[in-house]
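Okay, so here's the structure we're looking at.
In full-length UniProt numbering, the protein residues as written are 1 to 278.
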């Protein structure tokens, strides 16, 4: 499945939301740039529109990474959640102009992102899940797909069923490492597929009895926040048969240390790691 696409025990450089330091995050351009810069894989986020379409977007609201604040039709909906917009409405927004205006990683100022690329950036829109899955399959570019917690009541896991249906429909199950902070989603995914590769996401603390907890999902990987991930934990989990990919690792020194252990890093700077000496 997912890890079969890489040599055993190889540490992976995983582009966080695509190559988001040189392209607007979670766009088709960020995905393509991640591939071009040499990342082994990339990470992205999926959630659902009001009319049940699966869209690639990270934030709960559209304010940070779209032009909704200047879109006349949506002036009174700037703080509304993504799932309160239909796909047709979401398609009216651009997801590139904010990157050019804010230069979030300073890559425009330092010349890593040039003027000609700006024209492409301005054309970016919110992608659909099938678009990124088809690219993944066509280019053999595996993806860590995070299902965002939609803050629905416990047991409301429709988004998982829709995602899994799309993986079957596109024939991309083998290219996907499915993760979520809402672990209920992972249990549902395992019910729907014995073969899907699962990764448990955590941020502030590790679950009690971590190894047994991972086994309860038949998870293949653990994705801890870098702030709670040390070398001892990585080695322990690897000896127990689990892969470790920590996030978000933007220190090149720490990233190289983790990679040398055979673990993976989810990073905003894949282009710097792929150009760094091993």
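Backbone N, C-alpha and C define an ideal beta-carbon position, used for all residues, glycine too.
- Within the same chain, Cβ atoms closer than 6 Å to the Cβ of residue 229 are found at 246, the five residues on either side in sequence being excluded.
- Counting other Cβ atoms within 10 Å of its Cβ, residue 168 stays below 16 and is therefore classed as exposed.
- Residue pairing for residue 225: DSSP places it in a beta bridge opposite 247.
- In chain order, 13, 15 and 270 place their CB closer than 6 Å to the CB of residue 39, counting only its own chain and leaving out the 5 sequence neighbours on each side.
- Here the alpha carbon of residue 268 sits roughly 12 Å from the alpha carbon of residue 41.
- Sequence-distant partners of residue 24 (beyond 5 residues in either direction) whose C-beta falls short of 8 Å from its own C-beta, in its chain, are 30, 65, 95, 96, 98, 99, 121 and 124.
- Of the other Cβ atoms in all chains shown, 16 or more fall within 10 Å of the Cβ of residue 21; this residue is therefore buried.
- DSSP links residue 198 through a beta bridge to 178.
- DSSP, reduced to helix, strand and coil, places residue 47 within a strand of the structure shown.
- A distance of 7 Å or more separates the beta carbons of residue 241 and residue 11.
- Around the CB of residue 232, fewer than 16 other CB atoms lie within 10 Å, so the residue is classed as exposed.
- Per the Cβ contact rule, the segment 55 to 65 is not in contact with the segment 133 to 144 (fewer than 3 Cβ pairs under 8 Å).
- A residue is called buried once 16 or more other Cβ atoms fall within 10 Å of its Cβ, and residue 47 is buried on that count.
- The three-state reading of DSSP puts residue 15 in strand, counting E and B together.
- Contact between the segment 152 to 171 and the segment 191 to 206 is present: three or more C-beta pairs spanning the two stretches fall below 8 Å.
- Below 8 Å, too few C-beta pairs join the segment 133 to 153 and the segment 106 to 115 to call them touching: fewer than three.
- If you draw a 10 Å sphere on the C-beta of residue 215, you find fewer than 16 other C-beta atoms in it, and that means exposed.
- Fully contained in the segment 102 to 177 are the following alpha helix (DSSP H) runs of length 4 or more, in chain order: 115 to 122, 129 to 138 and 158 to 170.
- In terms of Cα proximity to residue 126, the closest of 219, 203 and 86 is 86.
- Straight across, the Cα-Cα distance linking residue 258 with residue 200 is about 18 Å.
- Counting other Cβ atoms within 10 Å of its Cβ, residue 255 reaches 16 or more and is therefore classed as buried.
- Here residue 274 carries a helix assignment [DSSP, helix/strand/coil].
- For the pair residue 179 and residue 187, the Cα-to-Cα distance works out to about 11 Å.
- Contact check for residue 2 and residue 222: beta-carbon distance about 14 Å, past the 8 Å limit, so the pair fails to qualify.
- Residue 43 counts as buried, since at least 16 other C-beta atoms from the protein chains shown sit within 10 angstroms of its C-beta.
- Relative to the Cα of residue 139, the nearest Cα in the group 32, 19, 27 and 8 belongs to 32.
- Contact between residue 157 and residue 184 holds, since their C-beta atoms are separated by about 6 Å, short of 8 Å.
- In summary, residue 116 is exposed, with fewer than 16 beta-carbon neighbours lying within 10 Å of its beta-carbon over all protein chains present.
- DSSP places residue 61 in the strand class (E or B) of the three-state scheme.
- The C-beta of residue 73 has fewer than 16 other C-beta atoms within 10 Å across all chains shown, which makes the residue exposed.
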